Amino acid sequence: MDDPIRIFDFKRIFLGEDPPLFLLEIVFRTLIMYIYTILLLRVLGKRGMAQLSTLEVAIIICFGSAVGDPMIGSQVPILYGIVAITTVALLQRLMERVINVSPPLERVMEGEPNLVVEDGIVIIDALEKENLSHEDLYRALRTKDVQQLGEIDKAFFETSGQITVWFYPPRKVKKGLSILPENQLPPDSLFESGAIAPEDDFYSCRQCGHTRELKQGEKIDCCPQCGCERWLKNS
Numbered sequence: 003m004d005d006p007i008r009i010f011d012f013k014r015i016f017l018g019e020d021p022p023l024f025l026l027e028i029v030f031r032t033l034i035m036y037i038y039t040i041l042l043l044r045v046l047g048k049r050g051m052a053q054l055s056t057l058e059v060a061i062i063i064c065f066g067s068a069v070g071d072p073m074i075g076s077q078v079p080i081l082y083g084i085v086a087i088t089t090v091a092l093l094q095r096l097m098e099r100v101i102n103v104s105p106p107l108e109r110v111m112e113g114e115p116n117l118v119v120e121d122g123i124v125i126i127d128a129l130e131k132e133n134l135s136h137e138d139l140y141r142a143l144r145t146k147d148v149q150q151l152g153e154i155d156k157a158f159f160e161t162s163g164q165i166t167v168w169f170y171p172p173r174k175v176k177k178g179l180s181i182l183p184e185n186q187l188p189p190d191s192l193f194e195s196g197a198i199a200p201e202d203d204f205y206s207c208r209q210c211g212h213t214r215e216l217k218q219g220e221k222i223d224c225c226p227q228c229g230c231e232r233w234l235k236n237s
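Numbering (the numbering used here), first residue to last: 3 to 237.
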C-alpha cells in the first residue's frame, strides 16, 4: 500500500523524489512532445489556428500542459514543470531563429499561402488540399465585403488560416458568382444543366464560379471548367 502524501512536503513539492538526472529525461520528453505537437498541427492544417502560426499554437499547447500538471498533480514537482517550460521556451527561440534563416524549413514548419480564387474562379483543388469547404471560403470572403466572385483578382488562404483578397479596380469588375448563403438565394435563380435559360443574363457555375452569358431559350450545359451541373442566374 502506498504511503500517504505528506501535506506541504516542500521537498516533494519543489524537487520531487526522483534522482536529479530525471531532469534530463524531462528535457528529452519535452523535446519529443514539442516536435510531435508541431508535426501534428501541420498535418491537421491551418483552419483552426486563426491568426496564430504553427509555432505559436505549439508553444501554447506545450505551455498549458507543462504549467497545468505541476499545479494539480500531487506527484509532479514544480521543478519538473519549470524545466519543461524552460525547455519549450528555448526550443521556441531556437526554431524561430532557424526558420528565419532557412526559407525551406519555414515552408515545412509553417506551410505556404495557397491561391484559392483567381480571376473570379474558385480553384477546387486548392480547397480540397486545405480541407476548406465552399461555404468556409464564402464566409471569409463576405467578411471582406465581397458580394460576388467577379470582384476578385486573387484570394489566398494564408498560413495563419485567414483569407487575403486582392480586388479588381471598379472599372475591371466583371460578372461573377454571388456568394450569398444558399438560403438567401431566390429559388427561381437556381438551374440544373439541361434547363433552358428563361431570359438573357449571366449564369454562374455554383461550384467554381465560371460565368457565361446566355440568351433566352439557350440550353444550359455542364460547366466547361469543372463539370458541375448547377448554375445560378446572376440577377
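Cβ coordinates follow ideal geometry from the N, Cα and C atoms, glycine included. What you are looking at is a predicted structure, and each value in this text was computed from that prediction instead of being measured.
Cβ-based neighbour list, residue i, same chain, cut-off 7 Å, excluding 5 preceding and 5 following
i	result
E19	none
E215	F204
I87	F65, A68, V69
Alpha carbon of residue i to alpha carbon of residue j, nearest angstrom
i	j	result
G70	E112	27 Å
G83	K13	15 Å
S162	G211	25 Å
A199	K156	30 Å
L2	A68	Outside the shown range of the chain, which is 3 to 237, sits residue 2, and nothing can be said about it.
R95	L33	13 Å
C228	E137	18 Å
E201	I222	12 Å
K39	S55	Per the sequence shown, residue 39 should be read as Thr rather than Lys. Taking the straight line joining both Cα atoms gives about 13 Å.
R109	L93	18 Å
D147	P172	14 Å
F24	L17	11 Å
R99	D11	41 Å
E220	V103	58 Å
M3	M97	Since pLDDT at M3 reaches only 49, below the 50 mark, its modelled position is unreliable, and the value read off the structure follows with that caveat. If you take the alpha carbons of M3 and M97, they lie about 46 Å apart.
P188	C225	21 Å
Q186	C230	21 Å
Residue from the options whose Cα sits closest to the Cα of residue i
i	options	result
V59	I37, D138, P79	I37
L26	E108, V85, S180	V85
I1	R141, V90, I80, E132	The requested residue 1 is not part of the displayed model; the chain covers only 3 to 237.
Q209	F193, Q77, E220, L17	F193
Q150	R109, V119, S104	V119
R141	P183, V103, I125	P183
D190	P226, R232, Q77, P21	R232
Sequence-distant residues of the same chain with beta carbon closer than 8 Å to residue i, five excluded per side
i	result
R144	I181
E153	G122, F169, Y170, V175, G178
S135	L129
V90	T32, Y36, I61, C64, F65, A68
R8	R14
K217	A199, D202
I126	Q209, C210, C228
As assigned by DSSP and simplified to three states, the class of residue i
i	result
K174	helix
C224	coil
L92	helix
K146	coil
L234	strand
D11	coil
L264	Absent from the structure is residue 264, since the part of the chain shown begins at 3 and ends at 237.
E108	helix
L129	helix
C239	Residue 239 lies beyond the stretch modelled for the chain, which goes from 3 to 237, so this question has no answer here.
A60	helix
D20	coil
E194	strand
D155	strand
L117	strand
Contact under 9 Å by Cβ, residue i with residue j
i	j	result
F159	A128	yes
K177	N236	yes
L57	I28	no
S195	L234	no
P115	T166	yes
V124	L139	yes
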